[in-house]
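Take a look at the structure below.
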Amino acid sequence: MDDFNRKQHAVYKLTYHAVFVIKYRRKVMSEPIIDHVRQYAAHLIEQCYQGRLIELNGELDHIHILFELPATAAPSVVVCSLKTQLSKEIRAIFWGEIKDKLWKDSFWSDSYFITTTGGADIETLEKYIQDQGIEKPKRKYTKRQTKKCEEKTHT
């Protein structure tokens with residue numbers, strides 16, 4: 001449990017993989033842009049959400065972000081905020097390089113992809129959850145004794 005985060009009332013490890021796509025898959029990203037986005041995203045995730053950027057990389061038309069968040073942060077809120085702030089930062093610094101590649105005023109596609117990267121596979125979790133519930137009572141009587149008890153109660 002050394003790699004878990006600890007707070008006063010919670011122990012957690014919440015890791016996410018997100019993908020942001022450029023609107024209409026325009027070929028906008030370059031190595032310098034991705035490098036800058038990596039640094040700025042790390043700053044935003046740490047300072048605004050007390051999280052941690054694990055990895056960020058991409059291609060010309062999208063980026064992948066692997067990050068951890070505290071249990072109090074809503075992933076959808078963080079993703080929307082990151083998309084907004086990264087778009088503003090890229091425009092402010094790289095406008096000359098990207099202005100002819102964008103479609104009107106849009107930078108990111110309206111949609112995004114996000115998934116958790118939990119440590120256990122789905123089958124293990126399903127089995128664990130299925131096995132939850134009221135503990136099955138231990139049999140105090142043999143089947144023969146139980147049958148005799150049932151006969152007495154029905155007569």
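Counting from 1, one number per residue, gives the positions in the sequence shown under our numbering.
All C-beta atoms in this analysis are idealised placements derived from N, C-alpha and C, irrespective of residue type, glycine included.
In the structure shown, F94 falls within a helical segment according to DSSP collapsed to helix, strand and coil. Put simply, of C48, H64 and S109 the residue whose alpha carbon is nearest the alpha carbon of I54 is H64. Here E46 is not bridged, per DSSP, to any residue. T116 is not a Cβ neighbour of L44, given a cutoff of 8 Å. I114 has its alpha-carbon roughly 24 Å from the corresponding atom of R91. Classified as exposed, Y12 has fewer than 16 neighbouring CB atoms from the shown chains inside 10 Å of its CB. For G58, the beta-bridge partners assigned by DSSP are I63.
Fewer than three Cβ pairs drawn from the segment 91 to 104 and the segment 66 to 81 lie within less than 8 Å of each other, which leaves the two stretches out of contact. R26 sits away from W108, with the two beta carbons spaced by 8 Å or more. Taking the CA atoms as reference points, E89 sits about 30 Å from N5. In this structure, L82 sits away from A42, with a CB-CB distance that is not shorter than 8 Å. Spatial neighbours of S106 in its own chain (CB-CB distance under 7 Å, excluding positions within 5 residues in sequence) are listed in chain order as K23.
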